[in-house]
Each structure stands twice: as structure tokens, then as C-alpha cells.
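There are 2 protein chains.
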Amino acid sequence: MNKQSLKLRIISAARELLLSDGYRNLSLRKIARSIGVSATSIYLHFESKDDLVHTLIEEAIERLNRALEISVVNKKSPVKKLEALAQTYVSFALKHPREYQVIYLVSSEEMTRYPKKKFRKARKGYGLVLDVLTEGISCGKIEEENPNIAAYTFWAQLHGVMSVVLSERLDTRIDQNEFIEEAINHIISGYITYDSLKLENIVDN
Amino acid sequence: MNKQSLKLRIISAARELLLSDGYRNLSLRKIARSIGVSATSIYLHFESKDDLVHTLIEEAIERLNRALEISVVNKKSPVKKLEALAQTYVSFALKHPREYQVIYLVSSEEMTRYPKKKFRKARKGYGLVLDVLTEGISCGKIEEENPNIAAYTFWAQLHGVMSVVLSERLDTRIDQNEFIEEAINHIISGYITYDSLKLENIVDN
DNA sequence: GGTAGCAGTTAACACCGTTAAGTCGTAAGT
DNA sequence: ACTTACGACTTAACGGTGTTAACTGCTACC
């Protein structure tokens, strides 16, 4: 009937409903209704609701990763790259809060275990940070004895900051943007050497 | 019938089921069944399921706060206090993962808005960090131009780390404990001055 | 022309949160 | 002592959920 395959139509309907109504109000019946098929048709292409949501998560992760990759290409110094990654991460979370939050739905409590093979893609962002860190270490601008772990710490810290912001746990007297900016500075300065900390503001890119 | 009031029996049954089966499988009917009353009885004491869960969250926050308060009393240096707070926070999350995760259920997507007045209690932990930071600043061991914001970034970073650990997003080749330890060091060193960073390992408490 | 298989359907199951109406015992009022 | 009122609790029901099994109709092939 429709040009797109049913599977694609399901995915985009699901994404649309997720973004408009939130994960909490996402139901298979609503998704099906919105594209004029029966709810059970979804099971022809996904083995469960969680399976469908997993692909939405995958999508979101890919979009975030793409944004991160792009943000880094025209930056020369590793420190600038690190800053770009952090800034892009934060912007993504602010611009697409529901999409961002769905990425972190992979918690063991809210969803059946995220399949291991899909984690590969999720780790691409981690790889980006790792590359920047090792590059920075080799040219002495970044100090880190175990970059494998540091790359994860970097993500974790950023996620923590955005999670506090998005769940509106912030004291109303604290300005959100100021908080984010200060947090990013804090996180980044934790990775770079004292020397480049002072130099960075002079040189571009 | 029972000695305890029904409200208390509901709360403790709910907590028990939450810890054993997870938030995802928590239902009013199961809670009611487990204490031998009808599901609608819950509405005599709570105005909705979310309301009940909110009190569970409140409980969990209080337990975490209590642990944090205790951890800090016999420490003398602000830096040691900060370390104790971080360590206690992490231990709590590891020892009671479900209880910890329920605290962060207050996200706008999973739950109706957490009532503002209950946020007061939640901010007690924030107050603890703030005190330690201002104390450290006044004696020159901690460097921070805006402690109000810094107290939040401290929480946020810790939460990010534990959220990555608990959602099992960590690369299997990375040792969990090593990651946590390194992350804590990273976060803490972001707040203390270069001098005390070198001195801390010599003096106790 | 029959038939196998695929894409989609309907019907049903067992659950869910929530509301309205009913029951039953106890305490107070007269 | 009889009625009334009220509180604590239950039953019945509504509209929703994810998921399974059985059915329909169509298309392609032998």
C-alpha cells in the first residue's frame, strides 16, 4: 500500500510518538493506529516492544555519534577537539532531550538487556574520545595514564551533568547555562595539562 | 488487623517488591496482594501510583543522605571529607542499585513531576558538598569560584559515573572497580588545589 | 488449478492504573 | 435502643497495556 516498507513506517511512527508524547506514553497500539495497521503487525518486524525501542535507541545513538564526528573534523588541537565533543554532546541533549534520554533508557530496570552486538555502535563515541585523548597525550597536551578508562570517565561526567539538567533537579536559583558551561570547563580541565590550560585561550582551533 | 497502619504496610511492601522485582515490574495490584488487601485500598493513602513511588524515592534519598552525613563526621580535612562523600555515594549505589536508581526515576519522562517541596530533602546532600567546598576554599585547599554551582557539578559527575556502571554500558575489558576509583580521583582532583593534591597522601583524615 | 507461504487481520488472555458504587462495623446522638 | 453518620475497606467496572494463537486473503509457483 504505502511506498515505504511497513518496518520503516513503524519505526518512524514510533519515533514521532516518542518525541511528541514521551517514552512513558508510547504504546504499540498507538503506534499501529497512527499508521493504520493492527498492533500485532508490529510483531512481524519486531519481536517485542523492547526490541522496537532498542532500534530507536540505536538510531538516536547514531545521530549523536554523527554530530560528534562532524564537530571534531575541523579542529586541530586535541584540546579544542575535546571541547568540541563536550559542547556537541551538550547541545544534542538540549536540542533533542527526549531523543537523548531514550539513549539512557538502556538501564537494566527500564528495559530488557540491550543486546551486546548493538553496543558496538554505542561505543563509537567512546572511540572518538579515546582517539582525541591518545593524540593529546602523544603531543603532551593531555595528561592521562589510562586513556581507555579516561574516555569512559569523560562520557560519564558529561552524562551526569546533562542528566541533572534534564531531570530538572537543579536549584532554580542556579542558571542552567552557567551550570553547564562551568561543568564542561571543570570536566575538560581535568584532562589537560597545566601548561596547555593557560595557552588554549590564545590559539584558535 | 495488623499492628502497623495500612499506609506503612503498603510502603514497606512496595519497597520490598521494588527491590526484589525492579521498578518495571512494580504494580499496585501486586503490592496489595502481597499484604492481603485490595488494590484500591492503596488509594486511601496515596493519590496515585506515582505518589506512592515518590515516597519510596524520598525514603531512598533520606537513606543516602544519612549515609553521607555519617561518612563525613570524623574526617578533618575538607579534601578527606570530599573523598569520603564520593566514596560513600559510590558504595551506596553499588550496594543498593535498585534503591539508587529509583532516586533518579524523578526524570520528567518516567514519572509525573516530583513535587517541589520534596526537593528540599533531596538537596540536603547538595548542602553537604557545599559546606565542604566552602570550608575547603576558606582554608585554601579547594579552589572554586562558584561553590554553589560546583556542588552540583560534583553530584552530577558522580551520578554520571554510577549511571554508566549500573546500566552496564562499560566495556567488558575495563575493570569496574578500577574505573570507579579512577573516575573518583579524576572528579576530586578537579576541585582541590595543586598543593594539597600532593600533600593529601601523607596526612591522615 | 491447486497449493504453499507470506502479510496482515481479529479475538482473546492476563495484566495494568484508576474511578464509582457498595458493604460492613463501630461510634455518636437523641 | 434505634437511627444516623462516618470511616475503612471491597467489588465491579472502564479503558488501556503487551503478547499469543488462530484466522483471512492474496500472490507466486508447480
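Each protein sequence line maps, in turn, to chains A and B.
Read in the UniProt record's numbering, the first sequence has 166 at position 166, and its numbers run on one by one without any break.
Read in the UniProt record's numbering, the second sequence has 79 at position 79, and its numbers run on one by one without any break.
Glycine included, C-beta positions come from ideal geometry on N, C-alpha and C.
Remember, it's a predicted structure, so these values are computed and weren't measured experimentally.
What does DSSP give as the partner residues of residue i in its beta bridges?
i	result
residue 188(B)	In the DSSP output, where bridge partners are listed per residue, residue 188(B) has none listed.
residue 142(B)	192(B)
Sort the options by Cα distance to residue i and report the nearest one.
i	options	result
residue 77(B)	102(B), 160(B), 4(B), 138(B)	138(B)
residue 96(B)	75(B), 131(B), 59(B), 174(B)	59(B)
residue 13(B)	32(B), 24(B), 23(B)	32(B)
residue 54(B)	167(B), 115(B), 152(B)	115(B)
residue 120(A)	165(B), 151(B), 172(B)	172(B)
residue 113(A)	150(B), 166(B), 4(B)	166(B)
residue 168(B)	182(A), 123(A), 79(A)	123(A)
residue 49(B)	146(B), 82(B), 26(B)	26(B)
residue 93(A)	163(A), 35(A), 188(A)	163(A)
residue 45(B)	153(B), 73(B), 11(B)	11(B)
residue 79(B)	175(B), 142(B), 174(B)	142(B)
residue 182(A)	186(B), 144(B), 184(B), 195(B)	144(B)
residue 51(A)	65(A), 35(A), 105(A)	105(A)
residue 206(B)	63(B), 91(B), 195(B)	This structure gives no information on residue 206(B), because the portion of chain B shown stretches from 1 to 205.
residue 134(B)	81(B), 28(B), 156(B), 174(B)	81(B)
residue 34(A)	136(A), 195(A), 20(A)	20(A)
residue 111(B)	4(B), 15(B), 24(B)	24(B)
residue 75(A)	15(A), 132(A), 4(A)	132(A)
Would you please verify whether the beta carbon of residue i is less than 8 angstroms from any beta carbon of chain A?
i	result
residue 189(B)	yes
residue 1(B)	Any reading at residue 1(B) is ruled out, since the residue's pLDDT is 46, under 50, leaving its predicted position unreliable.
residue 21(B)	no
residue 182(B)	yes
residue 132(B)	no
residue 68(B)	no
residue 129(B)	no
residue 192(B)	no
Check the Cβ-Cβ distances between residue i and every residue of chain B, and say whether any is below 8 angstroms.
i	result
residue 178(A)	yes
residue 123(A)	yes
residue 7(A)	no
residue 72(A)	no
residue 174(A)	yes
residue 171(A)	yes
residue 138(A)	no
residue 186(A)	yes
Please state if the CB of residue j and the CB of residue i are separated by a distance shorter than 8 angstroms.
i	j	result
residue 8(A)	residue 89(A)	no
residue 98(A)	residue 22(A)	yes
residue 103(A)	residue 61(A)	yes
residue 140(B)	residue 193(B)	yes
residue 128(B)	residue 147(B)	no
residue 56(B)	residue 68(B)	no
residue 191(A)	residue 154(A)	yes
residue 149(A)	residue 83(B)	no
residue 170(B)	residue 43(A)	no
residue 38(B)	residue 6(B)	no
residue 18(B)	residue 30(B)	no
residue 187(A)	residue 87(A)	no
Can you give me, in chain order, the residues of the stretch 144-160 of chain A that have a beta carbon less than 8 angstroms from any beta carbon in chain B?
-> Answer in chain order: 146, 148, 149, 150, 152, 153, 155, 156, 157, 158, 159, 160.
Could you list the residues in the stretch 78-104 of chain A with a C-beta less than 8 angstroms from some C-beta on chain B, going in chain order?
-> Those residues of the stretch 78-104 of chain A that come within reach of chain B (Cβ to Cβ, closer than 8 angstroms) are 98, 101, 104.
Residues of the UniProt domain "HTH tetR-type" (4-64) of chain B with Cβ closer than 7 angstroms to any Cβ of chain A, in chain order | Listed in sequence order: 22, 23, 24.
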